[in-house]
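J.:
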Amino acid sequence: MSLFARKPIAALMAEADHPNGLKRALGAGDLIMLAIGAVIGAGIFGSIGSAAAGQTDAAGHVIRLGAGPALVISFLLLGACCALAGLCYAELASMIPQAGSAYAYTYATLGEVVAWIIGWDLILEYAVGNVAVAISWGDYFKSLVGGWIDIPAWMTTGYRTALLSSNPAVHGMLDTAPKIFGMPVLINIPAFSIVALITWLLMRGVRESSRVNNVLVVVKLLVLGLFIVVGVQHIDTANYTPFAPNGFSG
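If you use the working numbering, the sequence shown corresponds to residues -12 to 237, in order.
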């Protein structure tokens, strides 16, 4: 059988009507909130600072150049790309309204082997992205409870975070953290806990996770709205010079 054999749309649609298939439990409002939650992720809270200022390692070597004020152009370009990707998904979802997302769409248009690659690519993408979001959440949680609960630093910092950090105190935990068989014990417990909690919530059911997502999206939009309202009152045009300190590389 050809690796590039395509699955007819009619066959995909027939699978959607299978009695053992997934139930359609979400309404239009739930799907809209799910899309907003996916588009406006934690990155806008956790990575916007390093994207503008850049990132260095413990030795002071530049890992990533900062965009400076030109970060707004990056967001405009990113928004345009997201809009085009969203248009593609809308077109394909209307043609193939069944579970499977990009895997099913690719299977019907480009063939089995490409769909297999896309499927594993999505799994790895969500796994890696999940790590970044969990670490960001853990940092915010540590800042939130820092005034009331004294959590040892080695319990809120991952090994890779300490290894790549340009902060001497954080990087120094490689030497000061408890060791097992000579290896420093660095575990980001808040990040692990939020992943475990969300995993449990997803196992409870799609309706329960959708309700929680709706609440979190509303809170997220309120926080961003408050940030914009307060921030617009403190705009200083002097901060926009130089606009692109590292040029196109930033």
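By construction, the Cβ of each residue, glycine as well, lies at the ideal position given by its N, Cα and C atoms.
When we look at the beta-carbon of residue 177 and count the other beta-carbons within 10 Å, is it buried (16 or more) or exposed?
T.: For the purposes of this step, residue 177 is taken as residue 190 along the sequence shown, with counting starting at 1. So residue 177 ends up on the buried side.
J.: Taking residue 95 as the reference, which of -1, 73, 141, 202 has the closest Cα?
T.: Taking the sequence shown and counting its residues from 1, one reaches residue 95 at position 108. It is -1.
J.: Hey, residue 92 and residue 79: beta-carbon distance below 8 Å or not?
T.: Here residue 92 refers to the residue found at position 105 of the sequence shown. Here residue 79 refers to the residue found at position 92 of the sequence shown. Yes, the Cβ-Cβ distance between residue 92 and residue 79 is below 8 Å.
J.: If you follow the alpha helix (DSSP H) that residue 50 is in, where does it begin and where does it stop?
T.: Counted from its first residue, the sequence shown places residue 50 at position 63. Per DSSP, residue 50 belongs to no alpha helix (DSSP H); it is in the beta strand (DSSP E), 49 to 51.
J.: Please state the DSSP three-state secondary structure of residue 138.
T.: Here the question's residue 138 lines up with position 151 in the sequence shown. If DSSP states are grouped into helix, strand and coil, residue 138 belongs with coil.
J.: What is the C-beta distance between residue 173 and residue 145, in whole angstroms, given that I count them as a contact (C-beta under 8 Å)?
T.: As a working mapping, residue 173 is identified with position 186 in the sequence shown. As a working mapping, residue 145 is identified with position 158 in the sequence shown. Correct: roughly 6 Å between the Cβ atoms.
J.: Going by Cα to Cα distance, which pick from 106, 157, 187 is closest to residue 175?
T.: Indexing the sequence shown from 1 puts residue 175 at position 188. The candidate whose alpha carbon is nearest that of residue 175 is 157.
J.: Which same chain residues, not among the five before or five after residue 204, have their C-beta less than 6 Å away from its C-beta?
T.: If you number the sequence shown from 1, residue 204 lands on position 217. Here the set comprises 20, 23, 24.
J.: Kindly list the residues whose CB is nearer than 8 Å to the CB of residue 43, restricted to its own chain and excluding five residues on each side of it in sequence; keep chain order.
T.: Reading the sequence shown from its first residue, position 56 is the one you call residue 43. Excluding sequence neighbours, residue 43 sits near 49, 50, 153.
J.: Suppose you measure from the CA of residue 41 to the CA of residue 60; what does that come to, to the nearest Å?
T.: Sequence index remark: in the sequence shown, residue 41 carries index 54 (1-based). Sequence index remark: in the sequence shown, residue 60 carries index 73 (1-based). Using only the alpha carbons, I get a separation of about 16 Å.
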